[in-house]
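**Q** Residue numbers (the numbering used here), protein chains in the order written: chain A, 204 to 369; chain B, 204 to 369.
Quick one: structure below, then a few questions.
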DNA sequence: ATTCAAATGCTACAATGTTGCATCAAAAGC
DNA sequence: GCTTTTGATGCAACATTGTAGCATTTGAAT
């Protein structure tokens, strides 16, 4: 697993915490979808916007804690559910049987992900577009395509650890 | 979720149970990797070989039960772990935070998967090859690519259910 | 300030997967 | 065929991830 994070450290600022926001305002995003503007939702959106890679529920929770924001697991799950439902965020099935979340980009900005099978890290490959129009059996409707490259990231590759496909 | 299966029915033969085996013998496969040839491993391999789509741990367990083979959850997990470790099978991260397993094909036979976001079913798209050589950042090693198409399968699409991205 | 549905924060639970350890059995040696 | 030995199994207990129900709080409309 990939838990080098300082657990519930209230002072340290994780590297995926918001630095600047060249994104649509979280408040506006929420309001535009007819939802209530709450601390939790704002913080979640800003955290996702600032992230350089898809975040796990756990990582987002840590960011909220760092921002001194309510920290109930269920609330966070529901906030994320709502964002996904509204199309603001999207789930991607990172290994480790836990969802990861990222801001949903419009069609043009879709990108692939790289999954390091050694450290479990997932990162966005902005340069690699996801394939678009493959032939599907009759009756199937395509919503979106997800392209995941599996292998070893630069850090893990250098350390040359032996590893399974896991 | 997708649990229409008859739980622990000892008589019914699920549609993914072995019918014929145009595949390498399970015994040989196991022995070739230096493992012990046990009922569990044989049955798991044969089940996977006969399957038309990647199977969840649960589905494999049901197949074992149908074949009157020991049914301990942990044993099955470990058998699957071993197969993956040996490169005989591979895990794919079907949504629903549960792994799915399929026999690992060699390079030429790689295929994409379709994930129905409504019923959770996953099926193999033999005709759709996975993309192969995208540009990766320096230091990254590519092991395999996974292409998942999300949408509604023929059954769900016809029923026209409204559904989230989930 | 009042109202009221939408969000929250409990608690309790479900599903999926893992660890430790005693027991069993596959295949190797005799 | 019998014994040995180590890998595989089975069980119980636990960890992690995610859900459900319900009382309470709060955003924002009046």
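For each residue, glycine too, the CB sits at the ideal point set by N, CA and C.
So with CB distances below 7 angstroms, who are the chain A contacts of residue 347/B?
**A** Per Cβ cutoff of 7 angstroms: 353.
**Q** With distances taken Cα to Cα, identify the nearest neighbour of residue 297/B among 253/B, 327/B, 339/B and 239/B.
**A** Checking every option, the nearest Cα to that of residue 297/B belongs to 327/B.
**Q** Quick one: Cα of residue 237/B to Cα of residue 348/B, how far?
**A** Their backbone Cα atoms lie some 28 angstroms apart in a straight line.
**Q** Where do the ends of the alpha helix (DSSP H) carrying residue 246/A lie?
**A** That run of the alpha helix (DSSP H) goes 242-253.
**Q** Just to confirm the assignment, what range does the beta strand (DSSP E) spanning residue 316/B have?
**A** Unbroken beta strand (DSSP E) run through residue 316/B: 315-319.
**Q** Counting only the same chain and skipping the five closest in sequence on each side, list residues whose C-beta sits under 7 angstroms from that of residue 270/B.
**A** Answer for residue 270/B: 246, listed in chain order.
**Q** Assess contact between the segment 278-290 of chain B and the segment 277-289 of chain A, defined as three or more Cβ pairs (one per stretch) separated by less than 8 angstroms. Is contact present?
**A** The segment 278-290 of chain B is not in contact with the segment 277-289 of chain A.
**Q** Are there 16 or more other CB atoms within 10 angstroms of the CB of residue 257/A, so buried, or fewer, so exposed?
**A** It is buried - the Cβ of residue 257/A has at least 16 other Cβ atoms within 10 Å.
**Q** Please determine, among 278/A, 276/A, 305/A and 279/A, the residue with the shortest C-alpha to C-alpha distance to residue 290/A.
**A** The option with the nearest alpha carbon to residue 290/A is 305/A.
**Q** Restricting to Cα atoms, I'd like to know which of 292/A, 234/A and 352/A is closest to residue 309/A.
**A** Of the listed residues, the one whose Cα sits closest to residue 309/A is 292/A.
**Q** List the residues of chain B that residue 261/A touches, going by C-beta distances under 8 angstroms, in chain order.
**A** Per Cβ cutoff of 8 angstroms: no residues; residue 261/A is ~13 angstroms from chain B at best.
**Q** State yes or no: is the beta carbon of residue 300/B nearer than 8 angstroms to at least one beta carbon in chain A?
**A** Chain A, which has a Cβ nearer than 8 angstroms to the Cβ of residue 300/B, makes this yes.
**Q** Given a cut-off of 8 angstroms on the beta-carbon distance, is the pair residue 244/B and residue 282/B in contact?
**A** The answer is yes: Cβ separation under 8 angstroms.
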